[in-house]
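Protein chains in written order, with numbering that gives the first Met the number 0: chain A, 0 to 299; chain B, 0 to 299; chain C, 0 to 246; chain D, 0 to 246.
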Amino acid sequence: MPSLKTTITGIGLQNPLMLASGILDENGYTMKNILECGAAAVVTKSIGREERTGYRPPIVAEVPDGLLNAVGLSNPGIDNFGNEVGIALQAGKPVIGSIFGGTADDFLYVGKKMEEYGANALELNLSCPHVLGVGSEVGSDPELVEEIIGELKNKIEIPVWAKLSPNVTNILEIANAASKADAFVVINTVRGMAIDIYARRPVLSNAYGGLSGRAIKNVGIRYVYQLYKETGKPIIGVGGIEAYEDAIEYLMAGASALEIGTGVYSKGKGIFSEINSGISSFMESEGIASIKELVGAAVQ
Amino acid sequence: MPSLKTTITGIGLQNPLMLASGILDENGYTMKNILECGAAAVVTKSIGREERTGYRPPIVAEVPDGLLNAVGLSNPGIDNFGNEVGIALQAGKPVIGSIFGGTADDFLYVGKKMEEYGANALELNLSCPHVLGVGSEVGSDPELVEEIIGELKNKIEIPVWAKLSPNVTNILEIANAASKADAFVVINTVRGMAIDIYARRPVLSNAYGGLSGRAIKNVGIRYVYQLYKETGKPIIGVGGIEAYEDAIEYLMAGASALEIGTGVYSKGKGIFSEINSGISSFMESEGIASIKELVGAAVQ
Amino acid sequence: MIHSVIERVDRETPTTVTILFPWEKEVRPGQFIMVWIPGVGEIPISLSFTGHTKGITVKSYGPTSTAITKLRAGEKIFFRGPYGNTFRKHDGKALIVGGGSGMAGLLPLITPESHGLVSARTKAELLFADRFSPEKLTTVTDDGSSGIKGFAVEGLKSMDLGEFSMMYVCGPELMLKSVLDYISGDGIDADFSLERHMKCGIGVCDSCSIDGLQLCTQGPVFTKSALLNSREFGRERLSVSGLRVKL
Amino acid sequence: MIHSVIERVDRETPTTVTILFPWEKEVRPGQFIMVWIPGVGEIPISLSFTGHTKGITVKSYGPTSTAITKLRAGEKIFFRGPYGNTFRKHDGKALIVGGGSGMAGLLPLITPESHGLVSARTKAELLFADRFSPEKLTTVTDDGSSGIKGFAVEGLKSMDLGEFSMMYVCGPELMLKSVLDYISGDGIDADFSLERHMKCGIGVCDSCSIDGLQLCTQGPVFTKSALLNSREFGRERLSVSGLRVKL
Ligand SMILES: Cc1cc2nc3c(=O)[nH]c(=O)nc-3n(C[C@H](O)[C@H](O)[C@H](O)COP(=O)(O)OP(=O)(O)OC[C@H]3O[C@@H](n4cnc5c(N)ncnc54)[C@H](O)[C@@H]3O)c2cc1C
Ligand SMILES: Cc1cc2nc3c(=O)[nH]c(=O)nc-3n(C[C@H](O)[C@H](O)[C@H](O)COP(=O)(O)OP(=O)(O)OC[C@H]3O[C@@H](n4cnc5c(N)ncnc54)[C@H](O)[C@@H]3O)c2cc1C
Ligand SMILES: Cc1cc2nc3c(=O)[nH]c(=O)nc-3n(C[C@H](O)[C@H](O)[C@H](O)COP(=O)(O)O)c2cc1C
Ligand SMILES: Cc1cc2nc3c(=O)[nH]c(=O)nc-3n(C[C@H](O)[C@H](O)[C@H](O)COP(=O)(O)O)c2cc1C
Ligand code: FES
Ligand code: FES
Numbered sequence: 000m001p002s003l004k005t006t007i008t009g010i011g012l013q014n015p016l017m018l019a020s021g022i023l024d025e026n027g028y029t030m031k032n033i034l035e036c037g038a039a040a041v042v043t044k045s046i047g048r049e050e051r052t053g054y055r056p057p058i059v060a061e062v063p064d065g066l067l068n069a070v071g072l073s074n075p076g077i078d079n080f081g082n083e084v085g086i087a088l089q090a091g092k093p094v095i096g097s098i099f100g101g102t103a104d105d106f107l108y109v110g111k112k113m114e115e116y117g118a119n120a121l122e123l124n125l126s127c128p129h130v131l132g133v134g135s136e137v138g139s140d141p142e143l144v145e146e147i148i149g150e151l152k153n154k155i156e157i158p159v160w161a162k163l164s165p166n167v168t169n170i171l172e173i174a175n176a177a178s179k180a181d182a183f184v185v186i187n188t189v190r191g192m193a194i195d196i197y198a199r200r201p202v203l204s205n206a207y208g209g210l211s212g213r214a215i216k217n218v219g220i221r222y223v224y225q226l227y228k229e230t231g232k233p234i235i236g237v238g239g240i241e242a243y244e245d246a247i248e249y250l251m252a253g254a255s256a257l258e259i260g261t262g263v264y265s266k267g268k269g270i271f272s273e274i275n276s277g278i279s280s281f282m283e284s285e286g287i288a289s290i291k292e293l294v295g296a297a298v299q
Numbered sequence: 000m001p002s003l004k005t006t007i008t009g010i011g012l013q014n015p016l017m018l019a020s021g022i023l024d025e026n027g028y029t030m031k032n033i034l035e036c037g038a039a040a041v042v043t044k045s046i047g048r049e050e051r052t053g054y055r056p057p058i059v060a061e062v063p064d065g066l067l068n069a070v071g072l073s074n075p076g077i078d079n080f081g082n083e084v085g086i087a088l089q090a091g092k093p094v095i096g097s098i099f100g101g102t103a104d105d106f107l108y109v110g111k112k113m114e115e116y117g118a119n120a121l122e123l124n125l126s127c128p129h130v131l132g133v134g135s136e137v138g139s140d141p142e143l144v145e146e147i148i149g150e151l152k153n154k155i156e157i158p159v160w161a162k163l164s165p166n167v168t169n170i171l172e173i174a175n176a177a178s179k180a181d182a183f184v185v186i187n188t189v190r191g192m193a194i195d196i197y198a199r200r201p202v203l204s205n206a207y208g209g210l211s212g213r214a215i216k217n218v219g220i221r222y223v224y225q226l227y228k229e230t231g232k233p234i235i236g237v238g239g240i241e242a243y244e245d246a247i248e249y250l251m252a253g254a255s256a257l258e259i260g261t262g263v264y265s266k267g268k269g270i271f272s273e274i275n276s277g278i279s280s281f282m283e284s285e286g287i288a289s290i291k292e293l294v295g296a297a298v299q
Numbered sequence: 000m001i002h003s004v005i006e007r008v009d010r011e012t013p014t015t016v017t018i019l020f021p022w023e024k025e026v027r028p029g030q031f032i033m034v035w036i037p038g039v040g041e042i043p044i045s046l047s048f049t050g051h052t053k054g055i056t057v058k059s060y061g062p063t064s065t066a067i068t069k070l071r072a073g074e075k076i077f078f079r080g081p082y083g084n085t086f087r088k089h090d091g092k093a094l095i096v097g098g099g100s101g102m103a104g105l106l107p108l109i110t111p112e113s114h115g116l117v118s119a120r121t122k123a124e125l126l127f128a129d130r131f132s133p134e135k136l137t138t139v140t141d142d143g144s145s146g147i148k149g150f151a152v153e154g155l156k157s158m159d160l161g162e163f164s165m166m167y168v169c170g171p172e173l174m175l176k177s178v179l180d181y182i183s184g185d186g187i188d189a190d191f192s193l194e195r196h197m198k199c200g201i202g203v204c205d206s207c208s209i210d211g212l213q214l215c216t217q218g219p220v221f222t223k224s225a226l227l228n229s230r231e232f233g234r235e236r237l238s239v240s241g242l243r244v245k246l
Numbered sequence: 000m001i002h003s004v005i006e007r008v009d010r011e012t013p014t015t016v017t018i019l020f021p022w023e024k025e026v027r028p029g030q031f032i033m034v035w036i037p038g039v040g041e042i043p044i045s046l047s048f049t050g051h052t053k054g055i056t057v058k059s060y061g062p063t064s065t066a067i068t069k070l071r072a073g074e075k076i077f078f079r080g081p082y083g084n085t086f087r088k089h090d091g092k093a094l095i096v097g098g099g100s101g102m103a104g105l106l107p108l109i110t111p112e113s114h115g116l117v118s119a120r121t122k123a124e125l126l127f128a129d130r131f132s133p134e135k136l137t138t139v140t141d142d143g144s145s146g147i148k149g150f151a152v153e154g155l156k157s158m159d160l161g162e163f164s165m166m167y168v169c170g171p172e173l174m175l176k177s178v179l180d181y182i183s184g185d186g187i188d189a190d191f192s193l194e195r196h197m198k199c200g201i202g203v204c205d206s207c208s209i210d211g212l213q214l215c216t217q218g219p220v221f222t223k224s225a226l227l228n229s230r231e232f233g234r235e236r237l238s239v240s241g242l243r244v245k246l
């Protein structure tokens, strides 16, 4: 039997599959349940400094090849999230704290608390509105990204992962700004929207949303490949992983570990064990002994 | 019977559906055939100053929800393209000349010739490599875009359409730079790639490609909506139109006319007449008399 | 979104209406749809009619449910679904227990043989009480304007549950909890249909979860034995922001 | 991409091999696949074997076809398809006319009753000539090393075509053109399988087009009557860049 074990920024994982941020990871019991269903780790919902109710429903729209969402960063505020992390940690597997903010100071405040709660790493959601800019995102401002990550790397012990957005002209520029991060998480959702032609209106209450799922798999593969090739940093691949072939494609593009979000909706919570057994059979039939052999195997 | 007629930058169209650039539009007889199949107009393959063979096959990869392509701007060079435009024009419908280049001078040279050949409008493919930048594209450099369009608007009589890429941090910045254009064409392909896990290699010979088809429909809708709302310019919507519902979604998002590329592959050349009859039935059952009533109907 | 043109709207109580519309889809009792009022909001509503013509029975609370109750015949209704699981089939004698708008989702289970316990704030709000034969019906009202005065569980206490082997229960979570507590030691089995905030309806947002399970995909119907082991049922839930609050 | 593990490789002529591999897919004579050699290129190749085990017969020209002829049993072959249309069925007496590697796509049509005209540059390159009964076979070679000397059409001129009601023809376009011209006034019907540059194989790139139709999706088989009205057949095609060139 080939081994599915992998390591990312020093964190050992039983298998390469983690739960992505924002899907079933607000309630500690749900995270624990997902870990019991076979995920090697969970990434929490993105948590900020203050409590936020987010947008009014509809916050999701089902489209043929994935999901559109505009949740609006609803979260209870970091001060109220310790209990949930604690419950999730009862499963005995890594819990990664996803955090967001508008300034380096926000990120530091929230990150420190996450660390205190016992999170094994921080994942920085850089796709949130920039406090100063109009409509622009933190993750598209290289200077701010550099400041945030510099600040966290100075003052936080646990690994820091920078989650990058595909909605930029030049992802390498942002990656370079984030070069002090221990790993890149690639990709967040792709800008999108849906209109109901009978209601003559955007479906999401926020009109604009983020596209996830199968529709964006080939987009994610492209950015993982590019960043692996051009930065050599450890990468966590995410975007449209719904079958073991997708997982292997991401690994071969350069990801050392993977996250699944929309796949939990389209395939159910069994997706973690299904994909793991698919990866295992593939490795066996192709004569591959460890995940490491797959990582970056297709990069020219 | 509701009327499907529409007008874009003064060009009358029998119906809102045109053939998109790069799909079955290199050979004049093919363009003529597509016009006979019900398209209201065709946009030619993007033509440059010099002959180019493009990339070696594989230049396309079929993915579950669309196509990836990296054709490499193969074209016979503008000096050799007059004959093809002439053959296409025999169908008695508008022919739009798509052009590309690395400098304003290139665009002007090619655009002038297109105009002489009888093209009814120019469509600027801004997604080609920037001669000066490394790996960056013409369409992500606002100053260059402004220069190109200024030059063409000064020296060319026929309307100029600027085709915008979704692969930018801020599409409005580019749209503003292109504000002298008569219309925007939205969107070009989304960056993507595919790996064959058994060959352990990218499928396209160029590794990176552009994603088109159903996977990008919700991306296109989003940018059409945003540009309609924020610029008020005439818009040609393109990206993943495969059914009449998609066409209506684009119209309601703000497009006055539409282009179909990958849909010709997935549904065949009958797609133009199929979608037109679908639009017509929809308009009838929803009590809509003209395309104009649909344009932007969902924009809040 | 799916849409349909409303066939008929019936007023059931001063605050509650039933909306009937054609929808060619097989649905099972207990399932729900997410009903969208463009520009207002989207909320989960059980299907109260599950035949060829579908129906929902909605009580006016906040903006979205109020807007639904104002829809008229001939207008379009927008929704997605059906979502969720269904009630277990049972051959023995069953008691249907509904509180407030909770009766809506139980309606498809009612047959001429059914026994029911219907509770509401006041007499005029007793929903679908007329669907039971009077001799098989117990009513309970907060204000005593009909039947027993008090909460639903008072009604149960007045009855001999020994003749029933199954209960189907739907209503506010605290009512369900009191029912569960009351029958926890009994041999009677029960299915509880729960209501919690639902933002997505498709198992991604985690707003409806209870003990790691999602009401929208793994519920809304839970068995008595599942709930007996629950840590969150009747005690805690997440608010609309994700804040853990007491029920 | 689809992949399969090669079962067997047979040498057919000094420059041509047949590669056999399992592929559970129904394919029809005339259809082709796009064969990919990772790192080298991708080209259209007809299926010469269309049973449970599929086969292709490939002549070495440039880098990609040469790389294909070097594949070995046990190695993986990558491809996509099947693409294209098929030959019309015909009940009367048919003549199969193949030039060079053009015989590959005609192989599935050969039965013990088939009559054939096989042409090639030289005797050793006559492909699948041994699949016809000697008395039903005419061979033609450019150098006269077997049968009639000259081009394929010289072979036709030596035969009495009156006994045939149908021809199936595949080979270089100029050969097809000379055959078409020769039979244009005759009562004999014919299906021609064309070969042009194909970059995509799926009807998007326009590199294979003839008279507005795509060889890859609306061909590669065209009827005699379709080609008789053609403006481009045997005259002009687009080069790999899209440049209109004489054939
Ligand atoms: C499975 C199920 C079945 C149900 N079936 C029925 C039924 O058949 N009949 C019936 O009458 N009721 C039913 N309900 C209850 C019904 O869904 C609620 O009564 C309803 O959600 C409340 O509507 P409202 O008008 O108060 O919502 P609104 O106040 O309009 O709010 C709608 C939703 O928006 C969200 N929200 C509210 N405020 C904010 C904010 N500031 N920021 C972000 N989000 C916000 C919340 O998720 C809220 O539920 C059911 C509930 C469930 C879970
Ligand atoms: C329907 C069909 C069926 C066929 N069946 C058979 C068969 O059964 N057996 C057989 O032997 N042959 C068959 N052929 C012919 C075969 O496809 C050609 O012989 C083959 O394409 C030539 O291969 P090559 O090795 O020379 O290609 P290469 O030289 O490797 O080139 C491959 C392709 O790449 C493209 N290309 C080449 N150079 C460039 C460049 N510089 N830039 C961009 N693109 C470039 C061209 O499209 C070229 O066709 C068939 C052809 C068709 C159309
Ligand atoms: C409903 C939903 C909510 C999400 N919320 C967050 C979030 O809070 N923080 C974040 O970094 N990413 C969030 N994402 C993005 C996912 O983590 C992931 O990057 C993206 O969905 C692509 O992966 P997938 O295709 O597997 O879903 C969310 C995605 C969805 C579908
Ligand atoms: C094979 C292929 C080639 C293309 N070539 C061009 C091109 O030369 N110039 C251009 O502006 N767009 C080109 N495009 C992009 C299309 O015109 C269109 O913007 C995109 O495919 C989205 O539309 P669709 O989903 O309907 O295909 C090409 C697309 C495909 C699939
Ligand atoms: S409503 Fe979102 S998970 Fe149930
Ligand atoms: S090979 Fe591309 S259209 Fe036929």
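C-beta: ideal position from N, C-alpha, C; glycine also.
Going by CA-CA distance only, name the one from the options that's closest to residue i.
| i | options | result |
| --- | --- | --- |
| arginine 48 of chain B | B/Leu12, B/Val94, B/Leu34, B/Tyr108 | B/Tyr108 |
| phenylalanine 78 of chain C | C/Val117, C/Thr138, C/Ala119, C/Val34 | C/Val34 |
| proline 43 of chain D | D/Gly50, D/Thr49, D/Thr56 | D/Thr56 |
| aspartate 181 of chain B | B/Leu3, B/Ile7, B/Arg190 | B/Ile7 |
| alanine 242 of chain B | A/Gly238, A/Ile235, A/Ala174, A/Pro63 | A/Pro63 |
| isoleucine 98 of chain B | B/Asn14, B/Ala19, B/Ser211 | B/Ala19 |
Looking at ligand 3, does it come within less than 7 Å of residue i, judged from the CB to the closest heavy atom?
| i | result |
| --- | --- |
| asparagine 124 of chain A | yes |
| serine 211 of chain A | yes |
| threonine 336 of chain A | Given that chain A is displayed from residue 0 to residue 299, the structure contains no residue 336 of chain A and the question cannot be resolved. |
Closer than 6 Å by C-beta to residue i: which residues in its own chain qualify, once you throw out the five before and the five after it? Chain order, please.
| i | result |
| --- | --- |
| methionine 174 of chain D | Gly98, Ala151 |
| glutamate 41 of chain D | Met33, Trp35 |
CB of residue i to nearest heavy atom of ligand 2: below 7 Å?
| i | result |
| --- | --- |
| valine 57 of chain D | yes |
| glutamate 172 of chain D | no |
Closer than 7 Å: is that where the CB of residue i sits relative to any heavy atom of ligand 1?
| i | result |
| --- | --- |
| proline 43 of chain C | yes |
| phenylalanine 31 of chain C | yes |
Excluding five sequence neighbours on each side, which residues of the same chain lie with their C-beta closer than 8 Å to the C-beta of residue i?
| i | result |
| --- | --- |
| glutamate 172 of chain D | Leu193, Glu194, Arg195, Phe232, Gly233, Arg236, Leu246 |
Using a Cβ-based criterion (distance less than 7 Å to any ligand heavy atom), does residue i qualify as near ligand 4?
| i | result |
| --- | --- |
| asparagine 187 of chain B | yes |
| alanine 120 of chain B | no |
Could you please go through the chain and list the residues whose beta-carbon is closer than 7 Å to any non-hydrogen atom of ligand 6? Qualifying residues come out as B/Leu23, D/Met197, D/Lys198, D/Cys199, D/Gly200, D/Ile201, D/Gly202, D/Val203, D/Cys204, D/Asp205, D/Ser206, D/Cys207, D/Ser208, D/Gln213, D/Leu214, D/Cys215, D/Thr216.
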